[in-house]
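Residue numbering for the sequence shown follows the working numbering, starting at 10 and increasing by one per position.
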Amino acid sequence: MKTSPNAAQPVYVLEGVTKTYPAARALDAIDLTISPGERVAVLGPSGSGKTSLLHVMGGVVPPDTGTATIEGQPLTGLSAGRELAGMVGMIHQQYDLVPHLPVIHNVLAGRLGRWSTMRSLLSLVLPQERNLAVDALEILGISDKINERTSRLSGGEQQRVAMARLLVQAPRVILADEPVASLDPARAEALMLLLNDVADRSNNTVVASLHSVHLTRKYFSRAIGLRRGRMHFDVPVDLLDDGLLNDLYDIEGLDGET
Ligand code: ADP
Ligand code: MG
């Protein structure tokens, strides 16, 4: 088959990425290519390297050896503010909202990477690009809360504020490190639905670590399994079967037992 000249450039290319800490090799020779729009779940026991991988992909931590590029540019060469913020949006378990600020400020925080310091400061008094926040909150169905103190919102509404912030940030890639770890099953499902909607709107690439096989099968197209920093499997979710998972999560002491 001929390669189309318009074939999409991969979003991520990781080659031989290794990250070693004094007590552990967090990532061991990881090769990974991700295409635009892919939804990649990162599975693996605690300590297997999931967070380290997301940190490398987010440009937070440089690899010791190997290369990691985003849209062809080395991640380590991007400036932490503007350049990275336009490319990568991160969601954390606690959403990182500022509770005492009105919703609008938390949503517009998604723009901070693109604004000058002056504009960011001015925005605290006179919200800049207010229309962006309004649109995002409308999409998420909570535009009536725009001036509400964020701490007054329910947990579900705060999830939506965090998603609205992602919408205004409009990154190419969304990285989420165990975004549903602290949520009950209904909230976890709701968050994954919102995340999926937000990602669909701009055909975002999503890479998320999680422990739920059910959510992986439902919301992701591809699953990679990490074990002791190594790529244990990398499969379309249809091929994710009990054999692979049992092997991935097996307790260390049981290795080799039959
Ligand atoms: P996971 O997210 O799958 O639980 P991590 O990427 O957090 O795995 O950790 C992988 C390994 O690297 C673990 O052994 C962990 O203790 C180690 N590690 C991760 N970050 C650091 C750090 N900042 N300093 C020292 N060791 C670390
Ligand atoms: Mg982790």
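Glycine is no exception: its CB is placed at the ideal position from the N, C-alpha and C atoms. Note that this is a predicted model, so its numbers are computed, not measured.
K227, buried or exposed, once every other Cβ within 10 Å from all chains shown has been counted against 16: Flag for K227 reads exposed.
V170, buried or exposed, once every other Cβ within 10 Å from all chains shown has been counted against 16: Buried.
In DSSP terms, what T214 is bridged to: Per DSSP, the beta bridge partners of T214 are V182.
7 Å Cβ cutoff met for L257 and R231: In this structure, R231 does not lie closer than 7 Å to L257 by Cβ.
In chain order, each alpha helix (DSSP H) run of at least 4 residues that lies wholly inside the segment 51-83: Contiguous alpha helix (DSSP H) elements confined to the segment 51-83 occur at 59-66, taking only those with 4 or more residues.
Any non-hydrogen atom of the ligand MG closer than 6 Å to K59 Cβ: K59: yes, Cβ under 6 Å from the ligand MG.
Run of the alpha helix (DSSP H) containing R128, from where it starts to where it stops: Its alpha helix (DSSP H) spans residues T126 to V134.
Per-residue DSSP class, three states only, for Y228: Of the three classes helix, strand and coil, the one that applies to Y228 here is helix, per DSSP.
Nonlocal neighbours in the same chain, by C-beta distance under 6 Å from L84, ignoring five residues either side: If we look at L84 and ignore the five residues flanking it on each side, its Cβ neighbours are G68 and A77.
Any non-hydrogen atom of the ligand ADP within 6 Å of Y30 CB: Yes; taking the cut-off as 6 Å, the Cβ of Y30 has a heavy atom of the ligand ADP nearer than that.
Distance cut-off 6 Å: A33 Cβ against heavy atoms of the ligand ADP: Result yes, Cβ under 6 Å from the ligand ADP.
K11 burial status per 10 Å Cβ neighbour count (16 or more: buried): Its pLDDT being 44, under 50, K11 is placed unreliably in this model, and the value from its coordinates should be taken loosely. K11 should be labelled exposed.
For Y258: DSSP bridge partner residues: BP columns for Y258 are empty, so no partner.
Helix, strand or coil at H223 [DSSP, three-state]: Residue state, collapsed to three classes: helix.
When R120, P72, L146 and S218 are compared against D186, the one with the closest alpha-carbon: Measuring from the Cα of D186, the nearest candidate turns out to be S218.
G56 CB to nearest heavy atom of the ligand ADP below 6 Å: Under cutoff, so the answer is yes.
CB contact flag (L110, A142, <7 Å): No, they are not a contact pair.
Selected residue, minimal CA-CA separation from H101, among T126, S132 and Q167: Scanning T126, S132 and Q167 for the CA closest to the CA of H101 turns up Q167.
Burial state of P71 (16 or more Cβ within 10 Å): Exposed, because fewer than 16 other Cβ atoms sit within 10 Å of the Cβ of P71.
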